[in-house]
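What follows is one structure encoded as structure tokens, with my remarks underneath.
There are 2 protein chains.
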Amino acid sequence: MKNLIQLQQKNCLECALKGHSVFSVLSDEQIEKINHHKSCAIYKKGQYLFTQFSRPVGLFCIYTGKIKLSTIGTDGKEQIIRLAKDGDIIGYRALMTEEHHRLSAIALEDSSVCLIEKDFFVKLAFQEPQLSKRVFKLISEDLRKAEEQIVSLSQKNVRERIAEALLFLKATYGLEADGKTLSVRLSREDFADYIGTSTESVIRLLSELNSSGIIELVGKKILINDIERLVRTANIIV
Amino acid sequence: MKNLIQLQQKNCLECALKGHSVFSVLSDEQIEKINHHKSCAIYKKGQYLFTQFSRPVGLFCIYTGKIKLSTIGTDGKEQIIRLAKDGDIIGYRALMTEEHHRLSAIALEDSSVCLIEKDFFVKLAFQEPQLSKRVFKLISEDLRKAEEQIVSLSQKNVRERIAEALLFLKATYGLEADGKTLSVRLSREDFADYIGTSTESVIRLLSELNSSGIIELVGKKILINDIERLVRTANIIV
DNA sequence: TTTAAGATATGATATTTGTCATATATTGAC
DNA sequence: GTCAATATATGACAAATATCATATCTTAAA
Chain A
1 MKNLIQLQQK NCLECALKGH SVFSVLSDEQ IEKINHHKSC AIYKKGQYLF TQFSRPVGLF
61 CIYTGKIKLS TIGTDGKEQI IRLAKDGDII GYRALMTEEH HRLSAIALED SSVCLIEKDF
121 FVKLAFQEPQ LSKRVFKLIS EDLRKAEEQI VSLSQKNVRE RIAEALLFLK ATYGLEADGK
181 TLSVRLSRED FADYIGTSTE SVIRLLSELN SSGIIELVGK KILINDIERL VRTANIIV
Chain B
1001 MKNLIQLQQK NCLECALKGH SVFSVLSDEQ IEKINHHKSC AIYKKGQYLF TQFSRPVGLF
1061 CIYTGKIKLS TIGTDGKEQI IRLAKDGDII GYRALMTEEH HRLSAIALED SSVCLIEKDF
1121 FVKLAFQEPQ LSKRVFKLIS EDLRKAEEQI VSLSQKNVRE RIAEALLFLK ATYGLEADGK
1181 TLSVRLSRED FADYIGTSTE SVIRLLSELN SSGIIELVGK KILINDIERL VRTANIIV
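So the protein sequences, as listed, match chains A and B.
Residue numbers for the first sequence, in my numbering: 1 to 238.
Residue numbers for the second sequence, in my numbering: 1001 to 1238.
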């Protein structure tokens, strides 16, 4: 079916401990068990991990990579709802509530992702109170971000939202070794689909931020030159 | 402190069974126990049940009434995030994650509300898998609505969002006995704070929908005259 | 009841943003 | 490497929406 590259199996124990994964609350033995209920693959840029309305097959754990979660609005326009990164798990909501996926998950760059068997995860999640709590915290965080997005879309203009998005991308995906370049590269269209505006407006306002020296556009890269002014542009109280 | 009118205690058993409350998954004995860990009160229109940033004191169950959940944006403007009604529980997220409230809850009309003791509810919620699942479904629904709100704010114009909001209010709070009048009365300002626009735009567009015969404005009441055209105005695929 | 405060209504105008057209640059397929 | 497809860029203009001003209506308080 899909043209997935099967990957050498990752070790869940290493993975869970290296970071902030939800599984870090489990015992080593429990984590070890996950190894026998998962498979790993590489998703190339643009490939779907799952699609809106489909039935979940398991839990996706991002080992490395960047994933966008989006939906299609009434007029066929894409809306990016969330962005996920290394150590994040995605698709857990549909598993926990036994519903279909409400969003599609698409790789923004080549990503190494493990898939944990549906039944194994669901059983574990409901059996282990520590894990339940972590998953509840996860969805609560997703809700918090969604609510912030609502306030932003309602009350901020496009310039403020762009600045905010740049700061968010920095906070989420970090910077390259130079300490200035955003690690993630979104197309102008993805940018627009994230902050709720037109591609042209994104291009125009990024170019304006570039002219004013707050950011620098070098090819596809975006460098953040003046964080303070970017924060002020985003109209964020610190 | 607060000028709350203490109420004759409601019977949780009757309450849980009359509707779609999360507690309907519990046994009668368990529900009976809740009676001993709650108090009931009337909140007058405009009163706060709890405020943003405060520590939760318990779980609020709405017996009758209408509550808005809102936050204040950077420029001091209110943003209504959710609306709650009879049978809904609110404030559960902060309880489950042991965080402060992120939203304020304000009565839109005089409301009869019970408060279940914090520790009692949290213990019960984590002990009873059935209840855990229901609470997870609740937050999942809140997330779904928030995500829909994001798409709407990003992709629809104010006219479409107003029409959508009217349909949402009808779906949530229903109609009066005449089968036409919305049961809830939002001020134009609350309306604006909900759909993310200015009060004047709400007034203008409601008045336009009135002129075109889709709705009818009678004093403070809003009558829905032509649902089909309202759905078309909202640009919803059915 | 009277009065003041607040809510609703409407017009005029400014601002923001989207849309369309077109040019240039970049990328990927062959 | 060449060419086509796609992405980025920019200007001109139109449309949507916010803002400000002011009038009227409604509600709550004295």
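Beta carbons: idealized from backbone N, C-alpha and C, even for Gly.
All of these numbers come straight from a predicted model, not from anything done at the bench.
Beta-carbon gap between residue i and residue j smaller than 8 Å
i, j, result
"Phe53 (chain A)", "Ala105 (chain A)", "no"
"Ser187 (chain A)", "Gly174 (chain A)", "no"
"Ser112 (chain A)", "Lys66 (chain A)", "no"
"Glu148 (chain A)", "Ile236 (chain A)", "no"
"Ile214 (chain A)", "Ile162 (chain A)", "no"
"Leu1206 (chain B)", "Leu1217 (chain B)", "yes"
"Asp193 (chain A)", "Glu109 (chain A)", "no"
"Ile62 (chain A)", "Ile90 (chain A)", "yes"
"Lys221 (chain A)", "Thr181 (chain A)", "yes"
"Ala1107 (chain B)", "Gly1058 (chain B)", "no"
"Cys12 (chain A)", "Lys38 (chain A)", "yes"
"Ala146 (chain A)", "Ile1080 (chain B)", "no"
"Leu1103 (chain B)", "Leu1069 (chain B)", "yes"
"Leu166 (chain A)", "Leu230 (chain A)", "yes"
"Ser1201 (chain B)", "Val1158 (chain B)", "yes"
"Thr1064 (chain B)", "Asp1086 (chain B)", "yes"
"Leu1026 (chain B)", "Glu1176 (chain B)", "no"
"Glu1189 (chain B)", "Thr1197 (chain B)", "no"
Residue i (DSSP reduced to helix, strand or coil)
i, result
"Glu1189 (chain B)", "helix"
"Ser201 (chain A)", "helix"
"Phe168 (chain A)", "helix"
"Lys1066 (chain B)", "strand"
"Val1057 (chain B)", "coil"
"Gln1047 (chain B)", "coil"
"Gln9 (chain A)", "coil"
"Lys85 (chain A)", "strand"
"Lys1180 (chain B)", "coil"
"Gln155 (chain A)", "helix"
"Gln30 (chain A)", "helix"
"Ile42 (chain A)", "strand"
"Ile1080 (chain B)", "strand"
"Ile227 (chain A)", "helix"
"Ile1072 (chain B)", "strand"
"Ile1278 (chain B)", "For residue 1278 (chain B) there is no data in the structure shown, the boundaries of chain B being 1001 and 1238."
"Lys2 (chain A)", "Residue confidence for Lys2 (chain A) is low, a pLDDT of 45 falling below 50, so the modelled location carries little weight and cannot support an answer."
"Ile215 (chain A)", "strand"
"Ile195 (chain A)", "helix"
"Ile90 (chain A)", "strand"
"Ile162 (chain A)", "helix"
Buried versus exposed, by CB contacts within 10 Å (16 or more), residue i
i, result
"His1101 (chain B)", "buried"
"Asp178 (chain A)", "exposed"
"Arg55 (chain A)", "exposed"
"Met1001 (chain B)", "With a pLDDT of 39 at Met1001 (chain B), under the threshold of 50, the modelled position of this residue cannot be trusted, and the question is left open."
"Glu1032 (chain B)", "exposed"
"Glu228 (chain A)", "exposed"
"Ser1132 (chain B)", "buried"
"Ala234 (chain A)", "buried"
"Ser1021 (chain B)", "buried"
"Glu160 (chain A)", "buried"
"Lys1044 (chain B)", "exposed"
"Asp1088 (chain B)", "buried"
"Asp1075 (chain B)", "exposed"
"Asp1142 (chain B)", "buried"
Residue i: CB within 7 Å of a non-hydrogen atom of the ligand NAD
i, result
"Met96 (chain A)", "The ligand NAD is not part of the structure shown, which contains no ligands of any sort."
**OP:** Could you tell me whether the segment 111-124 of chain A touches the segment 153-162 of chain A, where touching means 3 or more Cβ pairs closer than 8 Å?
**Re:** no
Original post:
Which runs of the beta strand (DSSP E) spanning at least 3 residues fall entirely within the segment 1099-1148 of chain B, listed in chain order?
Top reply: 1104-1107 and 1111-1117
Original post:
Is it a yes or a no for the segment 131-143 of chain A touching the segment 1081-1100 of chain B, going by three-plus beta-carbon pairs under 8 Å?
Top reply: yes
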